[in-house]
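S.K.: Numbering (the numbering used here), first residue to last: 6 to 273. Glycine included, each C-beta is placed from N, C-alpha and C at the ideal position. Keep in mind that this is a model prediction, so the values were computed, not measured.
#1: Closest by CA to residue 213, which one among 88, 238 and 148?
#2: Taking Cβ positions, are residue 171 and residue 90 nearer each other than 7 Å?
#3: Return helix, strand or coil for residue 79, following the three-state DSSP convention.
#4: Indicate the three-state DSSP secondary structure (helix, strand or coil) for residue 130 in the structure shown.
#5: Residue 122 and residue 149 - do their beta-carbons sit closer together than 7 Å?
#6: Grouping DSSP H, G and I as helix and E and B as strand, with all else coil, what is residue 92?
#7: List the endpoints of the continuous alpha helix (DSSP H) containing residue 239.
#8: DSSP puts residue 212 in a beta bridge; with which residues?
#9: DSSP on residue 207, reduced to helix/strand/coil?
#10: Cβ atoms of residue 73 and residue 164: under 7 Å apart, would you say?
#11: Nearest-angstrom Cα distance between residue 198 and residue 190?
#12: List the residues that DSSP assigns as beta-bridge partners of residue 165.
#13: Count the other CB atoms within 10 Å of the CB of residue 227; is the residue buried (16 or more) or exposed (fewer)?
#14: Given a cut-off of 7 Å, decide if residue 194 and residue 169 are closer than it, judged by their beta-carbon atoms.
#15: Between the C-alpha atoms of residue 95 and residue 113, what's the straight-line distance to the nearest angstrom?
#16: When you compare the CB positions of residue 236 and residue 175, do they come within less than 7 Å of one another, or not?
#17: Report yes if the CB atom of residue 203 is closer than 7 Å to the CB atom of residue 151, and no otherwise.
#18: So does residue 111 have its beta carbon nearer than 6 Å to some heavy atom of the ligand NAP?
#19: To the nearest angstrom, how far is it from the Cα of residue 60 to the Cα of residue 76?
#20: Put residue 181 into one of helix, strand or coil per three-state DSSP.
#21: Which partner residues of residue 73 appear in the DSSP bridge assignment?
#22: For the alpha helix (DSSP H) that contains residue 66, what are its first and last residues?
#23: For a test of the three-state rule: what should DSSP assign to residue 148, helix, strand or coil?
#24: Using the Cα positions of residue 210 and residue 131, report the straight-line distance between them to the nearest angstrom.
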């Protein structure tokens, strides 16, 4: 079972620069734990609060323009299975130009898709807070952009050893840096192709203590040793990560058993 828990402090996975309604939709950090007990107990350097703060510090203080940061947490489901990377923490900053990823469309499909995304956001908020949504009265006025939606559905994804960009980075103990829509679209990794479809142009996965740090951006961002050093400092890495590989073909994402099972992230 996936366990969604509220941390003791009032964290927010959305940047304070995003519209105010984000605070009401996601008032706290989402934490996922696996079936093998509480994995945070096996993470000597991190706790829920510090992870969220480190992710925020990483991208808010970066010279580059990053849209989001996610920490994929390494879990051992059982001794007969390889490790699994699942959502540990995330921080969404959004785009510098808030109108860049908004779609000016009034087509029936767009309206229906927006209603679906807003409904999911309300239900996620309900799961996190432990309160019941009141349906249409819990209004989400702002458009849910493609990058926000990609960030949200990431909560239900997981990766086994060597699977997807995060799984490959963890398996090879080497960063992966993919820049350009063509390279993302050409990847064998479903997550990379999905990211490209939602408007991202750069994805980076950096292995760290007990997991992988993933960053994404709608901008074209070249490889940066400064970013690598920041991850090394923030996430207590004592080993040389080496240079990031450029384009690595990954396998498909292994979907988790969504204990967000009450949510339909895609229409039938």
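M.R.: Per the coordinate set shown:
#1: For the purposes of this step, residue 213 is taken as the residue at position 208 of the chain shown. With distances taken between Cα atoms, residue 213 lies closest to 238.
#2: By one-based count along the chain shown, residue 171 stands at place 166. By one-based count along the chain shown, residue 90 stands at place 85. Yes, they are a contact pair.
#3: Against the chain shown, residue 79 aligns to sequence position 74. Of the three classes helix, strand and coil, the one that applies to residue 79 here is strand, per DSSP.
#4: The count along the chain shown starts at 1 and reaches residue 130 at position 125. Residue state for residue 130 is assigned as helix, using DSSP reduced to three classes.
#5: Here the question's residue 149 lines up with position 144 in the chain shown. Here the question's residue 122 lines up with position 117 in the chain shown. A contact, by the Cβ cut-off of 7 Å.
#6: Sequence index remark: in the chain shown, residue 92 carries index 87 (1-based). The answer is strand: DSSP assigns residue 92 an E or B state.
#7: Against the chain shown, residue 239 aligns to sequence position 234. Per DSSP, residue 239 belongs to the alpha helix (DSSP H) from 230–239.
#8: The sequence position of residue 212 within the chain shown is 207, counting from 1. According to DSSP, residue 212 bridges with 217.
#9: Residue 207 sits at position 202 when you count from the first residue of the chain shown. Residue state, collapsed to three classes: strand.
#10: Here residue 164 is taken as the residue at index 159 of the chain shown, counted from 1. Here residue 73 is taken as the residue at index 68 of the chain shown, counted from 1. No, the Cβ-Cβ distance between residue 164 and residue 73 is not below 7 Å.
#11: On the chain shown, residue 198 is found 193 positions in, with the first residue counted as 1. On the chain shown, residue 190 is found 185 positions in, with the first residue counted as 1. Answer to the nearest angstrom: the Cα atoms are 5 Å apart.
#12: Against the chain shown, residue 165 aligns to sequence position 160. DSSP output for residue 165 lists 89 as bridge partner(s).
#13: The residue labelled residue 227 in the question sits at position 222 within the chain shown. Classification of residue 227: exposed, given that the 10 Å Cβ count is below 16.
#14: Numbered from 1 along the chain shown, position 164 holds the residue referred to as residue 169. Numbered from 1 along the chain shown, position 189 holds the residue referred to as residue 194. Yes, they are a contact pair.
#15: Along the chain shown, one-based indexing puts residue 95 at 90. Along the chain shown, one-based indexing puts residue 113 at 108. Distance between the alpha carbons of residue 95 and residue 113: 32 Å.
#16: Sequence index remark: in the chain shown, residue 236 carries index 231 (1-based). Sequence index remark: in the chain shown, residue 175 carries index 170 (1-based). No.
#17: As a first step, residue 203 is located in the chain shown; it is residue number 198 there, counting from the start. As a first step, residue 151 is located in the chain shown; it is residue number 146 there, counting from the start. A contact, by the Cβ cut-off of 7 Å.
#18: Absent from the structure shown: the ligand NAP. Ligands present: none.
#19: Reading the chain shown from its first residue, position 55 is the one you call residue 60. Reading the chain shown from its first residue, position 71 is the one you call residue 76. Roughly 8 Å separates the two Cα atoms.
#20: Start at 1 with the first residue of the chain shown, and residue 181 comes out as number 176. If DSSP states are grouped into helix, strand and coil, residue 181 belongs with the strands.
#21: Walking along the chain shown from the start, residue 73 turns up at place 68. DSSP output for residue 73 lists 97 and 221 as bridge partner(s).
#22: For the purposes of this step, residue 66 is identified with residue 61 of the chain shown, where counting begins at 1. No alpha helix (DSSP H) contains residue 66, which DSSP labels as neither H nor E.
#23: Position 143 of the chain shown, counted from the start, is the residue given in the question as residue 148. Three-state DSSP puts residue 148 in coil, outside helix and strand.
#24: Position 205 of the chain shown, counting from 1, holds the residue named residue 210. Position 126 of the chain shown, counting from 1, holds the residue named residue 131. Cα to Cα, the separation comes out at about 30 Å.
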